[in-house]
Every structure is written in structure tokens, then in C-alpha cells.
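Data block below; observations after.
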Amino acid sequence: MDNAMPVDSLDVDVRPGVTGLVGANGAGKSTLAGVAAGLVDARAGRVLLAGVDVTRLGPHERARAGLLLAPEARGVFPALTVEDNLAVRLRDADARDAAYDRFPVLGERRHQAAGALSGGEQQQLALVGALVDPPRVVIADEPTLGLSPMATEVVLRALEDLKAAGTSLVLVEERAREALRLADEVVVVDLGRVAWSGPASQVDLDDLTSAYLGHEPHEVPGASAESERRR
């Protein structure tokens, strides 16, 4: 992340359920995800996991502690087969069989190189380990980027299953509609800072889209008109 957007005074509290982290391209969303996962060094502040300071832990140590990043680049080893990719995450053969039951297309392609899979299939491979062995927190960075509508639906259903399994999910999205479909809480990032945060039920999609696309870059994306009347 050599071109990471600096983030400053950005405090995000991830609670049980789904936190939608939205903002324009370059707003700092992926930088924040990288800091949380240990891929980007934090120059100040702390990263806490279940109240434990993990700021000094490396990415693999955070993953073992239960904080998993599903990166925008899918997070698969393209030269390895599907089976070998799964073996890295799931050491138990029964767990790998459960992964193939969850996504049968991966079983059909278990001997193919992961780099030969479609984008949607690669995303399934990236997520299926977490579905079989749910961690405490999953940060899904742009999980539907570049996917067809059908593949997007499969991935979103998988994320819903993660939520149902009790994993706290951070859904990093530029596409607000997908984030709002799953999110309980929404955090809007603008130029490395939190521009607005609150319950997803208070977000008006049109206002949010207008704001984070840059038409009104310094306006709070906004609660819905109904929530404004209640204030």
C-alpha cells in the first residue's frame, strides 16, 4: 500500500453485526483496513481486538487472534491450486470438504490454479475459509468489486452467513447500495477522516451517494429526512 491515503483521528468501533465502511475511491478506506489487519504500520493510535491491544502484532498474528482481512485483490495464491489454497487456511480435510459443500464450484475446480478462476470464484475461495471456521472479525475490502450481478449475489449471501455465524464484519465498499443491504452501522470516510457515522437505518441512499461521489464533498452524507424530523 505504497499509495495509501493518510488517515487521521479516525476512530471506528466495530460492534457485533456488520459495519459498512463507505466513501469515495481514495478516501482512506483500504488504508484503514490495512492498518487494522497489520499490513500498514500505525504511526499513532491503537488497534484493539476484543479489548486486547494488537497494534504491535504482525498480520499473521492478528489472523491467528481472530482478525482476518479479505483484501480487494481477493487474497488467493494464484499459482497454487484451489485445494492447496484451502489447505493453507483449513488444515483439516473435513473442513475442506465442508468448504466444497458450501461452494460446489470450488470442488469442481479443486485441481485448477486459483489464478484461472473467475473473479467471483476467487472471492468465494477467499471467503470460504472464514465461513467454515468463523473468526471474530472479518474485514472484507471491496468484496464485490468487478463482479457480475450473479457473482455479487453469491458473495453477499456468503457475507450474510458470516454475520449469522457471529462474526463481526467490516464491509468496505464504494458501492453504497451493497453496503447498506447488509450493514447495521455505517461509517463514511472522507479524505482520511470520519465524515459521518450512525445506524444504517438513518442513512438516505441518495444523500449518501451524492456526498461520497464528490458532488457535496464536505456535507454530512446524512440521516434520512424522517430521522431529521425526530431530532
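Going by this note's numbering, the first residue of the sequence shown is number 185, and it counts up by one from there.
A virtual CB, placed ideally from N, CA and C, is assigned to each residue, including glycine.
According to DSSP, is Glu-358 helix, strand or coil?
coil
Is it a yes or a no for the stretch 282-302 touching the stretch 199-218, going by three-plus beta-carbon pairs under 8 Å?
no
List the DSSP bridge partners of Ala-204.
At residue 204 the sequence reads Gly, which differs from the Ala that was named. Gly-204 pairs with Leu-355, Val-370.
Between which two residues does the beta strand (DSSP E) harbouring Arg-248 extend?
Element bounds for Arg-248: not the beta strand (DSSP E) but the alpha helix (DSSP H), 243-249.
Do Leu-340 and Thr-351 have their CB atoms nearer than 8 Å?
no
Member of Asn-209, Val-196, Asp-195, Leu-194 whose CA lies at the smallest distance from the CA of Ala-360:
Asn-209
Flag this pair as yes or no: are the beta carbons of Glu-362 and Ser-381 separated by less than 8 Å?
No, the Cβ-Cβ distance between Glu-362 and Ser-381 is not below 8 Å.
For Thr-393, three-class secondary structure by DSSP:
helix
Let me know the alpha helix (DSSP H) ranges lying completely inside the stretch 261-347, each 4 residues or longer, listed in chain order.
Fully enclosed alpha helix (DSSP H) runs of 4 or longer: 266-273, 277-286, 288-292, 303-316.
Helix, strand or coil at Arg-365 according to DSSP, with G and I counted as helix
helix
Whole angstroms is fine: what's the gap from Thr-265's alpha carbon to Pro-318's?
23 Å
Going by DSSP in three states, Leu-157 sits in which element: helix, strand or coil?
Residue 157 lies beyond the residue range present for the chain, which begins at 185 and ends at 415; the question has no answer from this structure.
Within the continuous alpha helix (DSSP H) that includes Gly-218, where are the two ends?
Annotation: the continuous alpha helix (DSSP H) that includes Gly-218 extends over 213-221.
What does DSSP give as the partner residue(s) for Gly-382 in the beta ladder?
According to DSSP, which records beta bridges pairwise, Gly-382 is partnered with Val-370.
Spatial neighbours of Glu-267 within its chain, please: CB distance less than 6 Å, with the 5 preceding and 5 following residues excluded, ordered by chain position.
Arg-294
Taking Pro-262 and Gly-299 to be in contact with their CB atoms under 8 Å, please state how far apart those CB atoms are, rounded to whole angstroms.
3 Å
Please identify the residue among Leu-311, Leu-346, Arg-275 whose C-alpha is closest to the C-alpha of Leu-290.
Leu-311
What does the alpha-carbon distance come out to for the pair Ala-379 and Asp-391?
13 Å
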